[in-house]
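K.L.:
Chains as they are written, first to last, in the working numbering: chain P, 422 to 710; chain L, 431 to 753.
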Amino acid sequence: MFETSTLNARNKQVQRLVSILFLMMTLFLIVPVLIILGTLVVKGSSVISIDFLFTSPTEGMTAGGIFPALLGTVFLVAVDLVIAIPIGISAAIYLSEYAGNNWLTRVINLAIINLAGVPSIVHALFGLGAFVLFFGFGTSILAASLTLAIMTLPLVIVASKESMQAVPQAFREASWNMGATRWQTIRRVVLPNAIPGILTGLILEISRTAGETAPIMFTGAVFFTPFLPQSIFDQTMAMPLHLFVVATQVPGVPEDLPYGVALMLIALVLFMNALSIAFRAWLRGKKKW
Amino acid sequence: MVAGMQPPANEPGAQVEAANIKLAVRDLSISYGHDTALGNVSLEIREHEIFGIIGPANAGKTSFLKSLNRMDMFNSDMHVKGEVLFNGLNIRKLRNIYALRSRIGVVFPLPVGLPMTIYDNVALAPRLSGMKNKADLDVIVERCLTRAALWDEVKDRLNSLGSLLSGGQQQRLTIARALSQEPELLMLDEFSIAVDPVTTMRIEDVLKELKSEMTIILVTNLVQQARRLADRTAFFLEGECVEIGETEDLPAGGRDGSFRRRPLEDRRHEVRSVAAAGLRRAAGPGSGPGSGRHGAGGASACRGAERTAAFCAAVRRARRGRT
Numbered sequence: 422m423f424e425t426s427t428l429n430a431r432n433k434q435v436q437r438l439v440s441i442l443f444l445m446m447t448l449f450l451i452v453p454v455l456i457i458l459g460t461l462v463v464k465g466s467s468v469i470s471i472d473f474l475f476t477s478p479t480e481g482m483t484a485g486g487i488f489p490a491l492l493g494t495v496f497l498v499a500v501d502l503v504i505a506i507p508i509g510i511s512a513a514i515y516l517s518e519y520a521g522n523n524w525l526t527r528v529i530n531l532a533i534i535n536l537a538g539v540p541s542i543v544h545a546l547f548g549l550g551a552f553v554l555f556f557g558f559g560t561s562i563l564a565a566s567l568t569l570a571i572m573t574l575p576l577v578i579v580a581s582k583e584s585m586q587a588v589p590q591a592f593r594e595a596s597w598n599m600g601a602t603r604w605q606t607i608r609r610v611v612l613p614n615a616i617p618g619i620l621t622g623l624i625l626e627i628s629r630t631a632g633e634t635a636p637i638m639f640t641g642a643v644f645f646t647p648f649l650p651q652s653i654f655d656q657t658m659a660m661p662l663h664l665f666v667v668a669t670q671v672p673g674v675p676e677d678l679p680y681g682v683a684l685m686l687i688a689l690v691l692f693m694n695a696l697s698i699a700f701r702a703w704l705r706g707k708k709k710w
Numbered sequence: 431m432v433a434g435m436q437p438p439a440n441e442p443g444a445q446v447e448a449a450n451i452k453l454a455v456r457d458l459s460i461s462y463g464h465d466t467a468l469g470n471v472s473l474e475i476r477e478h479e480i481f482g483i484i485g486p487a488n489a490g491k492t493s494f495l496k497s498l499n500r501m502d503m504f505n506s507d508m509h510v511k512g513e514v515l516f517n518g519l520n521i522r523k524l525r526n527i528y529a530l531r532s533r534i535g536v537v538f539p540l541p542v543g544l545p546m547t548i549y550d551n552v553a554l555a556p557r558l559s560g561m562k563n564k565a566d567l568d569v570i571v572e573r574c575l576t577r578a579a580l581w582d583e584v585k586d587r588l589n590s591l592g593s594l595l596s597g598g599q600q601q602r603l604t605i606a607r608a609l610s611q612e613p614e615l616l617m618l619d620e621f622s623i624a625v626d627p628v629t630t631m632r633i634e635d636v637l638k639e640l641k642s643e644m645t646i647i648l649v650t651n652l653v654q655q656a657r658r659l660a661d662r663t664a665f666f667l668e669g670e671c672v673e674i675g676e677t678e679d680l681p682a683g684g685r686d687g688s689f690r691r692r693p694l695e696d697r698r699h700e701v702r703s704v705a706a707a708g709l710r711r712a713a714g715p716g717s718g719p720g721s722g723r724h725g726a727g728g729a730s731a732c733r734g735a736e737r738t739a740a741f742c743a744a745v746r747r748a749r750r751g752r753t
């Protein structure tokens with residue numbers, strides 16, 4: 422009754438082959454990550470020290486540390502979040518909770534998709550034209566952060582909207598049936614349930630913001646400045662641009678210095694992500710989800 | 431209960447004192463896009479009665495409930511025509527529909543335990559209406575949970591998550607939440623679908639007690655449940671309200687449209703014959719003309735009674751087949 426027919430055997434063979442194939446494909450993902458991280462750690466870790474983190478570059482950027490760039494990137498990300506979080510989450514709330522199925526909503530959704538598709542160098546030129554020149558912010562943290570914010574808004578909006586739409590409709594109806602307004606329902610029922618998903622969107626957004634080079638190149642980040650930024654209207658150094666500079670623009674840089682800078686950039690992004698993930702976990706714990 | 435003993439008023443315009451009528455529905459039609467979910471329903475629900483609504487799936491029962499507290503507002507596909515008077519006020523002309531909804535408690539077929547603590551679940555409605563005093567909230571939470579027959583089971587873990595309770599407990603939590611609104615009207619939409627029989631009986635006992643404080647609309651699939659609880663019952667079928675009457679006479683509306691009490695045996699016999707006639711007719715084409723004046727004597731009432739009986743018979747057959 423349970424003898425293996427030729428067909429069974431062939432099916433089994435194909436099945437085994439296919440699963441191995443998929444596994445190989447998946448492993449290809451891990452390979453570049455391992456190579457990148459491995460190379461950076463092996464070649465770059467010798468540079469890293471407390472001094473490296475907290476001093477300015479010296480001797481025409483061939484020695485010294487990365488403190489201004491590190492601080493500059495933290496500033497850029499912070500200002501970017503201050504701009505992107507309120508706009509992005511408000512837009513997501515509107516699209517998820519208020520928008521009807523009409524032409525306006527379709528136009529907005531189309532705009533978001535297109536915004537996500539614009540290349541970063543185009544964003545950079547837009548930022549240069551709009552914020553640096555037209556609004557007269559000059560090359561400054563503000564102009565750079567605004568450019569970054571516009572570029573990353575679609576990420577925040579889409580992630581937040583989807584996490585809100587994942588909240589079951591029955592919850593909303595229960596709340597409406599009690600006489601709650603839409604806003605009361607959003608505040609007490611939808612948002613508390615959507616916050617973990619919204620934070621995931623922000624994590625993606627932070628990673629993207631911290632690593633972008635092109636949009637800040639013309640709008641706020643500079644090659645080298647001996648001063649730390651004092652306000653959002655100052656220019657600043659930034660990690661990705663600094664990496665680009667020491668890797669390609671400055672002669673006579675010791676070979677391991679760019680690796681060290683790259684390693685720190687990745688560490689910075691991972692650290693910011695870890696903070697948000699910890700925050701998310703804390704929120705979940707508090708809410709007993 | 432007094433309301434249940436009153437002479438039956440089957441006609442929409444029946445002369446019950448106006449003060450006694452909690453909810454009057456006139457020519458209510460509900461459609462989704464081009465599909466009519468409910469056509470020309472007229473009925474009156476008296477204060478402090480349990481008004482049952484029975485009928486098979488897709489009969490328009492849930493849409494009917496939704497139209498009563500203006501939930502059509504949240505569904506752009508749903509169109510409601512006709513008049514609904516709540517305490518004599520036309521709800522379509524009310525400015526403050528939030529106040530209307532807060533006076534109407536709703537319990538859904540599947541329990542909706544909001545993902546917050548048990549305490550917060552019950553305290554939500556009072557909080558929405560601006561109550562902040564912890565002591566007052568404590569009193570409300572305890573009272574509502576007690577009345578929903580849940581307090582003893584959860585009093586030691588009010589701060590654990592409401593959505594982690596079992597299905598039956600969650601349904602009682604939902605009822606407690608509806609009670610926390612101090613509603614004048616409580617609408618239960620097939621509340622016992624996801625609840626075990628013991629819990630169902632407990633909830634039914636609770637409902638009988640609540641009747642003295644509020645008016646209750648009970649939508650149910652179970653004819654037996656309507657018979658146990660409801661003072662009067664309407665039968666919805668395919669988007670029409672085909673019959674309204676005293677629950678006791680439910681499956682056997684008289685051919686002349688009157689509702690008399692008859693000995694059980696007699697009634698059973700009649701159910702069988704009427705059911706057979708109804709089924710023969712149901713097998714024929716068309717679902718009959720829509721009737722706006724239900725149970726109002728004449729051929730349409732007779733037809734309504736037949737369809738009711740046919741449905742009841744089909745339910746009994748299905749049950750026999752299952753057990």
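Built from N, CA and C at the ideal position, the CB exists for glycine as well. Predicted model, so just to flag it, every value in this text is computed and none were measured.
1) Mind checking if residue 595/P is an interface residue toward chain L, Cβ cutoff 8 Å exclusive?
2) Is the Cβ-Cβ distance between residue 533/P and residue 607/P less than 8 Å?
3) Quick check on residue 651/P: buried or exposed, where buried means 16 or more other Cβ atoms within 10 Å of its Cβ?
4) Could you give the DSSP three-state label for residue 451/L: helix, strand or coil?
5) Pairs of beta-carbons, one from the region 483-494 of chain L and one from the region 655-667 of chain L, closer than 8 Å: are there three or more?
6) Which bits of chain P does residue 611/L rub up against, with CB to CB less than 8 Å?
7) Are residue 642/P and residue 662/P closer than 8 Å when you measure CB to CB?
8) Would you mind stating whether residue 481/L and residue 662/L have Cβ atoms separated by less than 8 Å?
9) Counting only beta-carbon separations shorter than 8 Å, does residue 591/P have a partner in chain L?
10) Got a sec? Which residues, its chain only, sit under 6 Å from residue 540/L by beta carbon, not counting five neighbours each side?
11) Would you say residue 547/L and residue 589/L are within 8 Å of each other, going by their C-beta atoms?
12) When we look at the beta-carbon of residue 639/L and count the other beta-carbons within 10 Å, is it buried (16 or more) or exposed?
13) Could you check which residue in 646/L, 653/L, 671/L and 475/L has the C-alpha nearest to that of residue 459/L?
14) Just checking my contact of residue 620/L with residue 649/L at CB under 8 Å: how many whole Å lie between their CB atoms?
15) Quick one: grab the DSSP three-state call for residue 584/L.
16) Ends of the alpha helix (DSSP H) at residue 465/L?
17) Could you tell me which uninterrupted beta strand (DSSP E) segments, each at least 3 residues in length, are contained entirely in the region 569-657 of chain P, listed from first to last along the chain?
18) Three-state secondary structure (DSSP) at residue 379/L?
19) Strictly below 7 Å CB to CB, what residues from chain P border residue 558/L?
20) Going by other Cβ atoms of all chains shown within 10 Å of its Cβ, with 16 needed for buried, is residue 512/P buried or exposed?
21) Below 8 Å between beta carbons: does that hold for residue 462/L and residue 508/L?
22) State the CB to CB distance for the pair residue 644/L and residue 615/L, rounded to an integer number of angstroms; the pair is presumed to be in contact (CB under 8 Å).
23) Could you give the distance in angstroms between the alpha-carbon of residue 555/P and the alpha-carbon of residue 565/P?
24) Count the other CB atoms, across all protein chains shown, that sit within 10 Å of the CB of residue 469/L; report buried if there are 16 or more and exposed otherwise.
25) Just to confirm, is the Cβ distance from residue 692/P to residue 620/P under 8 Å?
26) Would you kindly check if the distance between the Cβ of residue 580/P and the Cβ of residue 622/P is under 8 Å?
27) Might you give, ordered along the chain, the residues of its own chain that have their beta carbon closer than 7 Å to the beta carbon of residue 613/L, omitting 5 neighbours on each side?
28) According to DSSP, is residue 540/P helix, strand or coil?
29) In whole angstroms, give me the CA-to-CA distance for residue 500/L and residue 494/P.
30) Excluding five sequence neighbours on each side, which residues of the same chain lie with their C-beta closer than 8 Å to the C-beta of residue 392/L?
31) If contact means a Cβ-Cβ distance below 9 Å, which residues of the region 554-581 of chain L contact chain P?
32) Nearest-angstrom Cα distance between residue 530/P and residue 524/P?
33) Report yes or no: do the region 468-485 of chain P and the region 663-680 of chain P share at least 3 C-beta pairs separated by less than 8 Å?
34) In three-state terms, what does DSSP make of residue 741/L?
35) Which residues of chain L have a Cβ atom closer than 7 Å to the Cβ of residue 610/P, listed in chain order?
36) Which chain P residues are close to residue 501/L, counting only those with a beta carbon under 9 Å from its beta carbon?
P.N.:
Taking the definition as stated:
1) Yes, residue 595/P counts as interfacial toward chain L.
2) In this structure, residue 607/P does not lie closer than 8 Å to residue 533/P by Cβ.
3) Exposure of residue 651/P is indicated by the presence of fewer than 16 other C-beta atoms within 10 angstroms of its C-beta.
4) Reduced to three states, the DSSP call for residue 451/L is strand.
5) Contact holds: three or more Cβ-Cβ distances are below 8 Å.
6) What residue 611/L touches in chain P, judged by beta-carbon distance under 8 Å, is 599 and 600, going in chain order.
7) Yes, the pair counts as a contact, with Cβ atoms nearer than the cut-off.
8) In this structure, residue 481/L places its C-beta atom within 8 Å of the C-beta atom of residue 662/L.
9) Chain L, which has a Cβ nearer than 8 Å to the Cβ of residue 591/P, makes this yes.
10) Within the same chain, residue 540/L has close Cβ partners 624.
11) Against a cut-off of 8 Å, the Cβ pair of residue 589/L and residue 547/L comes out as a contact.
12) The residue is exposed, with fewer than 16 neighbouring Cβ atoms inside 10 Å.
13) Nearest of 646/L, 653/L, 671/L and 475/L to residue 459/L, Cα basis: 671/L.
14) About 6 Å; that satisfies the 8 Å criterion.
15) Looking at residue 584/L - three-state DSSP - the assignment turns out to be helix.
16) It is not in any alpha helix (DSSP H) - residue 465/L instead sits in the beta strand (DSSP E) that spans 465-476.
17) Counting whole runs of 3 or more residues, the region 569-657 of chain P contains no beta strand (DSSP E) stretch at all.
18) In this structure chain L extends from 431 to 753, so residue 379/L is not present and cannot be described.
19) Taking a Cβ-Cβ threshold of 7 Å, the residues of chain P close to residue 558/L are 599, 600, 601 and 605, in chain order.
20) Counting Cβ neighbours within 10 Å, residue 512/P comes out buried, since at least 16 surround it.
21) Yes, the Cβ-Cβ distance between residue 462/L and residue 508/L is below 8 Å.
22) A Cβ-Cβ separation of about 6 Å places residue 644/L in contact with residue 615/L under the 8 Å criterion.
23) Distance between the alpha carbons of residue 555/P and residue 565/P is about 14 Å.
24) Label assigned to residue 469/L: buried.
25) Cβ distance not < 8 Å, so residue 692/P and residue 620/P don't count as in contact.
26) The Cβ-Cβ distance between residue 622/P and residue 580/P falls below 8 Å.
27) Close CB contacts of residue 613/L within its chain, under the 7 Å cut and outside five residues either way in sequence, are with 533, 534, 535 and 644 (chain order).
28) DSSP, reduced to helix, strand and coil, places residue 540/P outside both helices and strands of the structure shown, so it counts as coil.
29) Taking the straight line from one Cα to the other gives about 52 Å.
30) Nothing about residue 392/L can be read from this structure; chain L reaches only from 431 to 753.
31) Taking 9 Å as the Cβ-Cβ cut-off, the region 554-581 of chain L approaches chain P at 554, 555, 557, 558 and 559, given in chain order.
32) Roughly 10 Å between the two C-alpha positions.
33) Contact between the region 468-485 of chain P and the region 663-680 of chain P is present: three or more C-beta pairs spanning the two stretches fall below 8 Å.
34) For residue 741/L, the secondary structure class from DSSP, reduced to helix, strand or coil, is helix.
35) The answer, in chain order, is 544.
36) The answer, in chain order, is 594, 597 and 598.
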